[in-house]
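Trainee: I'd like to ask you about the structure that follows.
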Ligand code: RNT
Ligand code: ZN
């Protein structure tokens, strides 16, 4: 018997079908961010990320242009199992002469062509409201300057049109996630007015008449950022209420809350009210540091909430991390594989049995069973999944080769 067959039998004895788990896993799409490849610099000349987000490190071989980024995505994505979507920021426009308020689908046609070539399932999108001269005094959609607000409103509307184009091209809805850096470093004199301006800006964006069947709009809240420690305009309560009232979607980034608040707990809270919600899966170390996602406890809990609530078509999974201190392709693959592992781990759990124990208030057995799961032969099933996806468990060797052949030449 192979290791997988033994594992299959052991899981089977606990009422878990490994074959069903493997079949489900390869159908769950994960939207992979393009920005791990170039430290969130983009292609439209905006430069290094600003607005309270930061990449640290200077590892060899950052992709400096569209061609290099495509080469790195091709390589990295080829080592990632499962269904993949591409998550683009507007700052990755190709050959745009106009400013961000005038971006058009044509500036993203090369991305569509590329994403189709490498077999991706769709493209998700993000207005880029940072790294730009029109971020005035740290503010965008909530700025007191009407000209500034107008510029970013037009940018968001342009993004909605571009997302409709993505949806048409892939016959798959495109998620447009609105995140703004707006906030204050120190004690505000007025917390309400900027939020009212943000509300008004969002109203104007949504009023443009985009096709709700093609585009899913999400708003991403944040508790603080570098230089915006005291106040963020787009807070959790603000956006959750805005989303509920306007029938749009919340995006939860697990780096964007107090360290003792858990997105795994927020997912089922929102599922009680929303048809859809979106995630930015990241790993915050002490702050919203956007470390590479690893197969650790909170990620497992997030995956459990998706799987056991049968919500893999309701929770849109996207990744959001950027590490420039290690090989960027390895960072990409490690994080994506960690997400897949967490989903598989959740799929290999008898949630029905555990739920029953909870309802019977048999917390003794619940604890014991949950501990048992941790030492089941998960690794053997994961290896089998990779084998069926025609992938090796070892991606480091291939990445090292790519590093010496391609990345080192870039310096
Ligand atoms: C910033 C947000 C946002 C960005 C990306 C690049 O704190 O998480 O989602 O990371 O848009
Ligand atoms: Zn995010």
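Numbering (the numbering used here), first residue to last: 173 to 583.
Glycine included, C-beta positions come from ideal geometry on N, C-alpha and C.
Compute every distance between the C-beta of residue 425 and the non-hydrogen atoms of the ligand ZN, then say whether any falls below 7 Å.
Mentor: Residue 425 sits at position 253 when you count from the first residue of the chain shown. Indeed, a heavy atom of the ligand ZN lies less than 7 Å from the Cβ.
Trainee: When you compare the CB positions of residue 215 and residue 264, do they come within less than 8 Å of one another, or not?
Mentor: Counting from 1 along the chain shown, the entry for residue 215 is found at position 43. Counting from 1 along the chain shown, the entry for residue 264 is found at position 92. Yes.
Trainee: Can you give the Cα-Cα distance for residue 480 and residue 533, rounded to whole angstroms?
Mentor: The residue you call residue 480 lines up with position 308 of the chain shown. The residue you call residue 533 lines up with position 361 of the chain shown. Approximately 19 Å, taken between the alpha carbons.
Trainee: For the ligand RNT, is there a heavy atom less than 7 Å away from the beta-carbon of residue 261?
Mentor: Against the chain shown, residue 261 aligns to sequence position 89. Because some heavy atom of the ligand RNT lies under 7 Å away, the Cβ of residue 261 counts as near it: yes.
Trainee: If we ignore side chains and look at the alpha-carbon of each, how far apart do residue 554 and residue 290 end up?
Mentor: For this step, residue 554 is matched to residue 382 along the chain shown. For this step, residue 290 is matched to residue 118 along the chain shown. If I take the Cα positions, the gap works out to 24 Å.
Trainee: Kindly provide the ranges of any alpha helix (DSSP H) runs that are 4 or more residues long and lie completely inside the stretch 297 to 349, ordered along the chain.
Mentor: Qualifying alpha helix (DSSP H) stretches, in chain order: 318 to 342.
Trainee: With DSSP as the reference, label residue 392 as helix, strand or coil.
Mentor: Position 220 of the chain shown, counted from the first residue, corresponds to residue 392. Strand, per DSSP.
Trainee: Check whether the Cβ of residue 492 sits closer than 7 Å to any heavy atom of the ligand RNT, and report yes or no.
Mentor: For the purposes of this step, residue 492 is taken as residue 320 along the chain shown, with counting starting at 1. Yes, Cβ of residue 492 sits closer than 7 Å to a heavy atom of the ligand RNT.
Trainee: Determine, using beta-carbon pairs with one atom in the stretch 224 to 234 and one in the stretch 487 to 505, whether at least three such pairs fall under 8 Å.
Mentor: Contact holds: three or more Cβ-Cβ distances are below 8 Å.
Trainee: Quick check: is any heavy atom of the ligand ZN less than 7 Å from the C-beta of residue 158?
Mentor: Outside the modelled stretch of the chain, which goes from 173 to 583, sits residue 158, for which no answer is possible.
Trainee: Locate the alpha helix (DSSP H) running through residue 584, then write down its first and last residues.
Mentor: Nothing about residue 584 can be read from this structure; the chain reaches only from 173 to 583.
Trainee: Quick one: any contact between the stretch 363 to 372 and the stretch 398 to 406, if contact means 3 or more CB pairs under 8 Å?
Mentor: As far as the Cβ criterion goes, the stretch 363 to 372 touches the stretch 398 to 406, which means the pair count is three or higher.
Trainee: Say the cut is 7 Å; is the CB of residue 452 nearer than that to a heavy atom of the ligand ZN?
Mentor: Locating residue 452 in the chain shown gives position 280, where the first residue counts as 1. Result yes, Cβ under 7 Å from the ligand ZN.
Trainee: Mapping DSSP to helix, strand and coil, what is residue 584?
Mentor: For residue 584 there is no data in the structure shown, the boundaries of the chain being 173 and 583.
Trainee: As a quick exercise: from 330, 384, 369, pick the residue whose alpha carbon is nearest that of residue 448.
Mentor: Taking the chain shown and counting its residues from 1, the one referred to as residue 448 is at position 276. Cα-wise, what sits closest to residue 448 is 384.
Trainee: What ranges does the alpha helix (DSSP H) occupy inside the stretch 438 to 491, keeping only unbroken runs of at least 4 residues that lie completely in it?
Mentor: Runs found: 469 to 480.
Trainee: Rounding to the nearest angstrom, what Cα-Cα distance links residue 274 and residue 211 in this structure?
Mentor: For the purposes of this step, residue 274 is identified with residue 102 of the chain shown, where counting begins at 1. For the purposes of this step, residue 211 is identified with residue 39 of the chain shown, where counting begins at 1. Going from the Cα of residue 274 to the Cα of residue 211 covers about 24 Å.
Trainee: Mind checking whether the beta-carbon of residue 310 lies closer than 7 Å to any heavy atom of the ligand RNT?
Mentor: Reading the chain shown from its first residue, position 138 is the one you call residue 310. Residue 310: no, Cβ never under 7 Å from the ligand RNT.
Trainee: Within the continuous alpha helix (DSSP H) that includes residue 374, where are the two ends?
Mentor: Along the chain shown, read from residue 1 onward, the residue named residue 374 stands at position 202. Its alpha helix (DSSP H) spans residues 364 to 378.
Trainee: In angstroms, rounded to a whole number, what distance separates the CA positions of residue 432 and residue 418?
Mentor: Position 260 of the chain shown, counting from 1, holds the residue named residue 432. Position 246 of the chain shown, counting from 1, holds the residue named residue 418. Their backbone Cα atoms lie some 29 Å apart in a straight line.
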